[in-house]
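Working notes, structure below.
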């Protein structure tokens, strides 16, 4: 088990519906990271932007993006996480992949599809929460709109890190800030959110506000809003253990199950 976890948050603009160009851009950004890290976090739909044109950009699980993620993870001896559009058994998924340096893949399909723009009509919603065990850390990866639903992220698995990848629009960015902090506090876990910047193909603007919070809701990062930037933050296992042992808030949670 690693006592610390070094994570690179990549806040980036995305080229609209252009997987090839986005992969080239992220290759350069990852290559520019000057120190070894345990995990690299990319935004939601990092190859296309948040598109409803799934049929034009979807890939199979043995496609170029998965191969790229495996290649980059192996090359830099790290894990990479981000979501993209997957076609599987005639269904489209907004699927987050957690790819380790060995090439091993775990994935999570977005549970809460964004009905405001009709994501629910295009993409098949996920039904299973995923806890990734990585270097002795339990990580719960979720996607964008999932952030608004605390029951889904509720820490019943004793996870250490809650991780969101997103395309969260600028007009509602205050909610993003508040909810990331709240999810950290209520779950007594680190909470990390990586959001994109720029303007997409349907003229929606994004201002980033990518951030990491500790278990008390203190912000750990200082990423510049509305600009492309990569920042590294270090998580400490003893921080989680010390405050959970001292405060024991999770022991007092209500008992109920989600069906």
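Residue numbers (this note's numbering): -18 to 240. Glycine is no exception: its CB is placed at the ideal position from the N, C-alpha and C atoms.
Cβ neighbour criterion (16 or more within 10 Å) applied to residue i
| i | result |
| --- | --- |
| residue 108 | exposed |
| residue 170 | buried |
| residue 215 | exposed |
| residue 222 | exposed |
| residue 17 | exposed |
| residue 184 | exposed |
| residue 24 | buried |
| residue 188 | buried |
| residue 19 | buried |
| residue 41 | exposed |
Coil, strand or helix - residue i by DSSP
| i | result |
| --- | --- |
| residue 150 | strand |
| residue 220 | helix |
| residue 126 | helix |
| residue 207 | coil |
| residue 35 | helix |
| residue 94 | coil |
| residue 119 | strand |
| residue 166 | helix |
| residue 199 | coil |
| residue 192 | strand |
| residue 241 | Limits of the chain in this structure are -18 at one end and 240 at the other, which puts residue 241 out of reach. |
Residue closest to residue i, alpha-carbon to alpha-carbon, out of the options
| i | options | result |
| --- | --- | --- |
| residue 181 | 171, 28, 4 | 28 |
| residue -7 | 10, -18, -14 | 10 |
| residue 204 | 132, 31, 212 | 212 |
| residue 194 | 176, 165, -1, 62 | 165 |
| residue 26 | 7, 15, 13 | 7 |
| residue 167 | 133, 1, 189, 186 | 133 |
| residue 61 | 110, 2, 75, -13 | -13 |
| residue 119 | 144, 97, 4 | 144 |
| residue 217 | 80, 160, 142 | 142 |
| residue 74 | 100, 233, 47 | 100 |
| residue 126 | 149, 192, 39 | 149 |
| residue 155 | 110, 192, 139 | 192 |
| residue 146 | 94, 64, 79, 186 | 64 |
| residue 82 | 206, -10, 49 | 49 |
| residue 139 | 152, 131, 121 | 121 |
| residue 197 | 46, 176, 227 | 227 |
| residue 57 | -16, 90, 12 | 12 |
| residue 114 | 129, 70, 52, 87 | 87 |
Per DSSP, cross-strand counterpart(s) of residue i
| i | result |
| --- | --- |
| residue 79 | 62, 87 |
| residue 140 | None, per the DSSP bridge assignment. |
| residue 20 | -12, 60 |
| residue 213 | -11 |
| residue 179 | 187 |
| residue 113 | 120 |
Residue interval of the alpha helix (DSSP H) (run including residue i)
| i | result |
| --- | --- |
| residue 46 | 45 to 56 |
| residue 186 | Note, residue 186: premise wrong, no alpha helix (DSSP H); beta strand (DSSP E) at 186 to 188. |
| residue -10 | From DSSP, residue -10 is part of no alpha helix (DSSP H) but of the beta strand (DSSP E) over -15 to -8. |
| residue 4 | 0 to 12 |
| residue 101 | 100 to 103 |
Extent of the continuous beta strand (DSSP E) to which residue i belongs
| i | result |
| --- | --- |
| residue 71 | Careful: residue 71 lies outside any beta strand (DSSP E) and carries neither H nor E. |
| residue 174 | 171 to 176 |
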